[in-house]
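The structure appears below as structure tokens.
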Amino acid sequence: MSIRLGDIAPDFEQDSSEGRIRFHEWLGDSWGVLFSHPADFTPVCTTELGFTAKLKDEFAKRGVKAIALSVDPVDSHIRWIDDINETQNTQVNFPILADADRKVSELYDLIHPNANDTLTVRSLFVIDPNKKVRLTITYPASTGRNFNEILRVIDSLQLTDNHKVATPANWQDGDEVVIVPSLKDEEEVKQRFPQGYRALKPYLRLTPQPNR
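Next up, the structure:
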């Protein structure tokens, strides 16, 4: 089953490096980042999990919980975490799901037979507090993720959920944003964007970023 944007993220109960997890219950009213790894004790994954641990404060200030997944069992995860902490100079501070029965992998379509019929691909899902999937990204096993991009997308999602704006190409937090074309009433525009805007075209109006 493929998961599309706007779908409710499938719920599940599974073992992890931090005990049994009921996914929706564990998420609570937080945003979530669920990301899969081909296997334990692999080099790219080791760097990714280490970098994720270092982003703890960045995730926390955005109200985001991170959770990883591999098809290896819990005891393997525990040994691997020691390696991650040692080589990446950090402390893993989020759970790693032990999906040995591939229950979660099948729910989230993480095994692509044409890539590898036994290992998960490097997929990532951003899930909002309503349990809706807001972003999906799938990388090949050989390519590590850019977690700064994940934070950028979460910033954009949280901003655009609260204001009638969209974020342009290469937008970073604090840059100008686009007023959505559907907002046409000039009085409402003035009320929402008191700093004014630049109209490059009637449909392309740039304004300073509102406070998130």
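Per the UniProt record's numbering, the very first residue in the sequence shown carries number 1; after that it's consecutive. Don't be surprised by glycine CBs; every beta carbon is placed ideally from N, CA and C.
C-beta contact flag for residue i and residue j at 8 Å
i	j	result
ASP83	THR46	yes
ARG198	ARG192	no
ILE179	GLY32	no
PHE12	LEU107	yes
VAL64	ILE154	yes
PHE125	THR136	yes
PHE21	VAL133	First, the residue type needs correcting, since residue 21 is Ile and not Phe in the sequence shown. Contact: no.
LEU183	LYS164	yes
LEU159	ARG212	yes
Backbone CA spacing between residue i and residue j [nearest angstrom]
i	j	result
PRO181	GLY196	15 Å
SER76	ASN93	17 Å
ALA166	ILE96	33 Å
LEU5	ILE81	31 Å
PRO210	PRO38	40 Å
VAL44	SER123	13 Å
THR90	ILE111	29 Å
TRP26	GLU187	43 Å
ILE67	ASP109	17 Å
VAL104	SER70	10 Å
LYS54	ASN162	28 Å
ARG79	ASP99	16 Å
GLU58	PRO140	26 Å
LEU157	ASP40	31 Å
ALA9	HIS24	9 Å
residue 217	PHE51	Residue 217 lies beyond the range of the chain shown here (1 to 212); nothing can be said about it.
beta-carbon residue i near the ligand SAM non-hydrogen atom, thresh 7 Å
i	result
ASP72	Looking for the ligand SAM in the displayed structure turns up nothing, as the structure carries no ligands at all.
Neighbour-count burial assignment, residue i, 16 or more Cβ in a 10 Å radius
i	result
THR87	exposed
LEU200	exposed
GLY28	exposed
SER17	buried
Cross-strand partners of residue i (DSSP beta bridge)
i	result
LEU204	LYS201
GLY32	LYS65, ILE127
ILE179	VAL165
TYR139	ARG122
ALA60	Bridge partners of ALA60: none, in fact.
SER70	ALA98
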